[in-house]
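What follows is a set of notes on a single structure, which appears directly below.
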Amino acid sequence: MGFKKIHIIDMDTIELSNLNRQFLFRKNDIGLSKAKCAVEFVNKRVPGCEAVAHHCSIQDMDEGFYRQFHIVVCGLDSIVARRWLNGMLMSLLQYNDDRTLDQSSVIPLVDGGTEGFKGNARVILPGMSACIECTLDLYPPQKTFPLCTIANTPRLPEHCVEYVKVLQWGKENPWGSSTTLDGDDPQHVAWVYEKAQERAMKYGITSVTYRLTQGVLKNIIPAVASTNAAIAAACATEVFKLASSCCINMNNYMVLNMSDGLYTYTFNAERRQDCVACSNSTRTMEIDCNATLQAIYDKLCEDRGYLMKSPALMKNQFESCEIDIEVRTQLKDTYAEK
Amino acid sequence: MASPSPKSPEQSEKNKQYDRQLRLWGDHGQKALEKGHICLINATALGTEILKSIVLPGVGAITLVDHNIVSDEDIGCNFFLENISQGLNRGAETLRLLLELNSSVQGHAVQEPPEQILQDNPDFFKSFSVVIATSLGEKTTQDLANHLWDIKVPFILCRSVGFLGSFRIQINEHPIIEVHPENEQIDLRLDVPFPTLAEYLNAFNIDDLDLKDHGHVPWIVILYKAIQKWQVTNENKWPISRKEKNEIKDIIRGFIRKDENSIPIEEENFEEALRAVNTALVPTFLPVNIKELIYSSSATNLTKDSSSFWIMCSALRAFIEAEGKGKLPLRGVLPDMTASTEHYVKLQSMYRTQAAIEAEIVYRKVQEIVAQLHCDSISDAEVKLFCRHAYDLHLIRGTNISSEYQMGTVASYIAGYLEEPDVMMVHYILLRAVDMFRSEHCRAPGEWEPEADISKLKTCVSKLLSDISCSPFPKDDHIHEMCRYGGAEIHSVSAFLGGCIAHEAIKIVTKQYKPVNNTFIYDGASTNSATFTF
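Line by line, the protein sequences are chains S and R. In this text, residue positions in the first sequence follow the UniProt record's numbering: the first is 1, and each later residue adds one. In this text, residue positions in the second sequence follow the UniProt record's numbering: the first is 1, and each later residue adds one.
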């Protein structure tokens, strides 16, 4: 569509299971850097295109790197990574003396994601429209199995695989205690598969398959070329609108469902006025007056409005019963893990 | 340290490559896809983007029909063309670059205009699972639609101009067994338990259990016991109303054990039972749409040419009228619930066994019909799958695209949407007007003179509107915008539609998931879309 200067960051290498939906990679490319391969292919196919590859994680790049771009597009595979990138773009925002936003510091973020036949695409104008942190509750909670069920009363094939993964592997250490379970190692998967089958047999549970075992171990999300193509294209259209100002951007969140007919719905995801990432204001969190520091810490980690990882608490001042605590919201530090 | 060598064989290369999609449509869906042969007419950017998402997941074969020579504009907007492609046949060049995506896909290029094929060799289209066309003239659209309707080959007509796009699926009859509904109706038969289930439930005594076992009683049992208790004072009725369901909930709450201070102990299974009251008490019933299916003439008047779907529908009817006593065969799936392993596995196998017994009866009826008709046999597995999904069977009966070009019911349907100015229907009229403009002026509106073409396009719009007895649009904004596009394809708009259309083609080939019925309109400028049924 005419974009010439594109930088691509991807820490992954190409796997066979990517090829059912990736049109820039071939079987010969398996094992190579996704970023490098994509860049090489696009520069060759599209004359005049000057794409640059970065085979590293998004967290390896600093503010100076991200500041050079006009637009950032992401198709990340985790909420943690999205929150990190979101935090990075927020940290680049500059505010005028009267606390208004300096619009020249805004780098729009176009974000897309898919799961099976469903997907979503959105446009985030940092400091101006809803950001990832504003809409954390749009992400469904992760499904987990209670440990007592896994250990004592399994009834699903998934319970058997979880048992081997969580309890049996650490006990038996089939490849020695220094080898942790690797869902990408076919030998490991096969070992878990067999042990899970044994356990299933013991309890009369059926349908433990290799595919299911791998799915549970790697938390595999189904993916298909068509959904990904549609969501990627929806993102590209928004990037084109941002760059050319030919028409206004989507406002600001589109969901797509291709499983029953074809359905799209675009809505205005609302900003949280007290968003810890994008609002340049403070948020008040109500806690019990007798709450321990641990309870506050736990709430910051577990409450769906915060979901922080290792937040840092700093004491500002003491006033009789009121405690004013500043929670460091530099998310790019708190979410350093992938 | 010596590494343990597992006995289980590694996955095959193909299973690894397609793993992420096999989780969506299964090995049998993949097999159907690999038998599929897709024909594309005109390798525009939209056309190649469609094929991209059909080749990657591993369709059997593709055939491109295109007699055009690659132009500069083609290279500018089509990712599957290179600079060196200029001056060569567009179908052959895009085919070469598309096939690079997946070495197991077969490909053919036919360098003839579709009009000529229709005239000289109409049987050419017979072998395809789906025919997809882009950039087709008005007359060819109707001729091809009529022909494909007659030979019963599914047809998808696609358009992409500027920020607008559409596709229309024409399919005579499309039965879907595996709909993959988001919320599957549970089928527990608590109101009419089959013998083994009734025996099991009646023998259960939850009062005598110790606390640990009490917390592991499946909610099905809890619900059944509560209903039995309720029925003693309610003349063996079945609880239907909200009031009656609340009484059931009160009984369940009474079952929950109390601690020494008479405070109810938290028991997950009883919580689940309370939540299930609203959904699991729906009496077992024969859904209206399934009833319509099995009593439709296709199912009651079988011939040697009847498809396996109708034969199975007929056998299903025979089952429901006899052994099923008015009910569908048991689904045989137990939802997940808190329970001890023993109880859960026992219940699960009871449901499975009964479902297998009932499917076997249906299978025998299928075999009888097959023997009578002397038609192709239907496998045991096919009948099992059919019975497992009997609650969700879905049939699409389509209409011929040509009907959109005639006065009649479709015209009044369109007019209905235009009365309440529905902007997406306005886009449909515009896309049709562009087709008309092309047949009259042999170019796209705005391609040469955007200003002068506005009035010409307006004439086309007015003609279409008067044909369906509608007044002209109050404003010309959309007509101006269309002329501004100048017939150009925006790659990302075509890519969006391409992903969607590929997906619909895959649904048709695998016979899984419900396709669009039957028209989809997309506006990339406002990020809006709509589905219409012509």
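All residues carry an ideal CB built from backbone N, CA and C; glycine is no exception. Since we're looking at a predicted model, the values are computed, not measured.
Do the segment 154 to 170 of chain R and the segment 235 to 255 of chain R make contact, defined as three or more Cβ pairs closer than 8 Å? no
Hey, S:Ala229 and R:Lys52 are a contact pair by Cβ (cut 8 Å); roughly how many whole angstroms apart? 7 Å
R:Ile357 touches chain S at which residues, Cβ-Cβ below 9 Å? What R:Ile357 touches in chain S: nothing, since even the nearest Cβ is about 18 Å away.
Determine the direct distance from the alpha carbon of S:Asp185 to that of S:Thr329, and round the result to whole angstroms. In this prediction, S:Thr329 has a pLDDT of 41, which is less than 50 and means its spatial position is unreliable; nothing more can be read from the coordinates.
What separation, rounded to the nearest whole angstrom, lies between the Cα atoms of R:Cys387 and R:Ser306? 19 Å
In the DSSP assignment, what are the bridge partners of R:Glu173? BP columns for R:Glu173 point to R:Arg397.
Give me, in chain order, the residues of the same chain whose beta-carbon lies closer than 7 Å to that of R:Glu481; leave out the 5 immediate sequence neighbours on both sides. Cβ within range, chain order: n/a, list empty.
Checking contacts by CB at 8 Å: is S:Asp185 closer than that to chain R? no
Kindly list the residues whose CB is nearer than 8 Å to the CB of R:Ser127, restricted to its own chain and excluding five residues on each side of it in sequence; keep chain order. Same-chain partners within the cutoff: His37.
Report the rounded CA-to-CA distance for R:Phe520 versus S:Phe23, giving the unit in angstroms. 26 Å
Per DSSP, which residues does R:Gly162 bridge with? Please list them. R:Glu489
State the DSSP-derived secondary structure class of S:Arg122, mapped to helix, strand or coil. S:Arg122 falls in the strand class under three-state DSSP.
With H, G and I counted as helix, E and B as strand and the rest as coil, what does DSSP make of S:Leu24? In this structure, S:Leu24 counts as coil in the three-state DSSP scheme.
Assumed close pair R:Thr134, R:Thr44 - CB separation to whole angstroms, cut-off 8 Å: 5 Å
Could you tell me the distance, in whole angstroms, from the CA atom of S:Cys275 to the CA atom of S:Gln94? 16 Å
Extent of the continuous alpha helix (DSSP H) to which R:Cys387 belongs: 380 to 388
Quick check: is the beta carbon of R:Met1 nearer than 8 Å to any beta carbon in chain S? For R:Met1, the predicted structure reports a pLDDT of 43, less than 50, and the residue's modelled location is therefore unreliable. A value from the coordinates is still provided. So yes, R:Met1 belongs to the interface.
Residue 546 of chain R, DSSP secondary structure in three states: Lying before the first or after the last residue shown, residue 546 of chain R is absent from chain R, which here runs from 1 to 534.
Assigned exposure category for R:Pro57 - 16 Cβ within 10 Å defines buried: Result: buried.
Note down, in chain order, every chain S residue with its Cβ under 8 Å from the Cβ of R:Val516. Gly261, Leu262
C-beta neighbour in chain R for S:Val161, strict 8 Å: no
Would you mind working out which of R:Ile401, R:Ala198, R:Glu419, R:Ser314 sits nearest R:Arg364, comparing C-alpha positions? R:Ser314
Supposed close pair R:Leu223, R:Ala276 - CB separation, criterion 8 Å: About 6 Å separates the two Cβ atoms, so the contact holds.
Report yes if the C-beta distance between S:Arg122 and S:Met254 is below 8 Å; otherwise report no. yes
Let me confirm a value: S:Ala35 is counted as buried when at least 16 other C-beta atoms fall within 10 Å, else exposed. Which label applies? buried
For S:Thr227, decide whether its Cβ has a neighbour in chain R, counting only Cβ atoms nearer than 8 Å. yes
Sort out for me which residues DSSP pairs R:Lys514 with in a bridge. S:Asp260
Can you tell me whether R:Glu73 is buried or exposed, with buried defined as 16 or more other CB within 10 angstroms of its CB? Classification for R:Glu73: exposed.
According to DSSP, S:Phe267 sits in a beta bridge with which residue or residues? Paired residues: S:Tyr253.
Give the single residue among R:Ala299, R:Gln11, R:Ser340 whose Cα lies nearest to the Cα of S:Tyr203. Selection R:Ala299, R:Gln11, R:Ser340 evaluated against S:Tyr203 yields R:Ser340 as nearest (Cα-Cα).
Given S:Glu319, which residues of its chain have a CB within under 6 Å of its CB, disregarding the five upstream and five downstream residues? Per-residue confidence for S:Glu319 stands at a pLDDT of 45, beneath the threshold of 50, marking its modelled position as unreliable; the derived number appears in the next sentence. Contacts found: none.
Taking C-alpha atoms, which residue in R:Tyr485, R:Gly60, R:Gln21 lies nearest to S:Ile220? R:Gln21
Answer yes or no: do R:His503 and S:Met258 have a C-beta to C-beta separation smaller than 8 Å? For the 8 Å CB-CB criterion, R:His503 and S:Met258 form a contact.
Is there contact between the segment 461 to 477 of chain R and the segment 191 to 201 of chain S, where contact requires at least three CB pairs shorter than 8 Å? No: fewer than three Cβ pairs fall under 8 Å.
Cβ pair count under 8 Å reaching 3, the segment 422 to 436 of chain R against the segment 170 to 177 of chain R: no
According to DSSP, R:Pro264 sits in a beta bridge with which residue or residues? R:Lys258
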